[in-house]
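Since the structure comes first, as structure tokens, the remarks are kept for the end.
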Amino acid sequence: MSNERGPAGTGPDEEKRGTNPFENEELQPEHRDTGAEHPSDHPGRDYDYVEATVVAEPGIEERQRHPSSGPSGPSEPRRPGSGSRQGPREESEAPVTAADTVVPGQIFLRDEPVEVNMGLAVTTLRVANVSDRPIQVGSHFHFAEVNPGLEFDRERSWGKRLNVLSGGAMRFEPGADEEVELVPFQGARIALGFRGECRGELDG
Numbered sequence: 001m002s003n004e005r006g007p008a009g010t011g012p013d014e015e016k017r018g019t020n021p022f023e024n025e026e027l028q029p030e031h032r033d034t035g036a037e038h039p040s041d042h043p044g045r046d047y048d049y050v051e052a053t054v055v056a057e058p059g060i061e062e063r064q065r066h067p068s069s070g071p072s073g074p075s076e077p078r079r080p081g082s083g084s085r086q087g088p089r090e091e092s093e094a095p096v097t098a099a100d101t102v103v104p105g106q107i108f109l110r111d112e113p114v115e116v117n118m119g120l121a122v123t124t125l126r127v128a129n130v131s132d133r134p135i136q137v138g139s140h141f142h143f144a145e146v147n148p149g150l151e152f153d154r155e156r157s158w159g160k161r162l163n164v165l166s167g168g169a170m171r172f173e174p175g176a177d178e179e180v181e182l183v184p185f186q187g188a189r190i191a192l193g194f195r196g197e198c199r200g201e202l203d204g
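Residue 12 in the UniProt record's numbering sits at position 12 of the sequence shown; the count goes up by one each step and never skips.
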């Protein structure tokens, strides 16, 4: 027996390697996707139509084993690489009127006014801005610790805040002298931060 090899590119293996692997049937996977093989894979199939298929028990048709709830709309083919299907969208035939239009972020208010801080004791103070610049105070700022440019009875304002809508504020222009309403803080009544005059419990 000779160990000599023949000329390169003349053997059967060389011929296989020289071909496109996607066109060579011997190199294809055994269970490859062959397209729509099931009747339900065909678009437009009427699901109310049932083939006369014999199942586990002789004489029982597919309709009897899996009764249909009625005719269905046409199906779309499976998406490549997915076993799921997506049916067609159903559009409403009812006309869209101006009354049906929904405005994103729209706020529906009651006809009667809403009372802010209902049931809380209200303290009225006279506040004067003796500084040369405007001072603004937020709704939940501990009023006893506001800017020193505002003159008022700070002892009566201890543990209280402005009686305004949450997130609101009051602005005091230079030379302003006006009355404000205060209400007590609720909850745990702990004041931290601000000007550092409390640093803990308001009632401690």
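By construction, the Cβ of each residue, glycine as well, lies at the ideal position given by its N, Cα and C atoms.
Straight-line Cα distance separating residue j from residue i
i	j	result
R171	P104	32 Å
G159	H142	7 Å
G121	L162	A small correction: the amino acid at residue 121 is Ala; Gly does not occupy that position in the sequence shown. Distance between the alpha carbons of A121 and L162: 12 Å.
E145	P95	60 Å
A188	R199	13 Å
E155	T101	54 Å
E178	N129	9 Å
L182	S157	7 Å
F185	R195	17 Å
G119	E201	23 Å
E173	S131	9 Å
V164	N147	18 Å
P134	T123	23 Å
Q106	D203	41 Å
G193	Q136	17 Å
E26	E93	55 Å
Under the three-state DSSP convention, the category residue i falls into
i	result
E179	strand
A52	Only weak support is given to the placement of A52: the predicted model assigns it a pLDDT of 42, under 50, and the question is left unresolved by the model.
A94	coil
F172	strand
I190	strand
E23	coil
E151	strand
E145	helix
N129	strand
R195	coil
Q136	strand
P184	strand
Cβ pair residue i, residue j closer than 8 Å
i	j	result
F152	L125	yes
S180	V127	For the record, residue 180 in the displayed sequence is Val; it is not Ser. Yes.
Exposed unless 16 or more other CB atoms sit within 10 angstroms - verdict on residue i
i	result
A191	buried
S166	exposed
V114	exposed
Reference residue i; option with closest CA among the options
i	options	result
A169	E112, T97, P148 and H140	H140
G149	A176, G204, D203 and R110	A176
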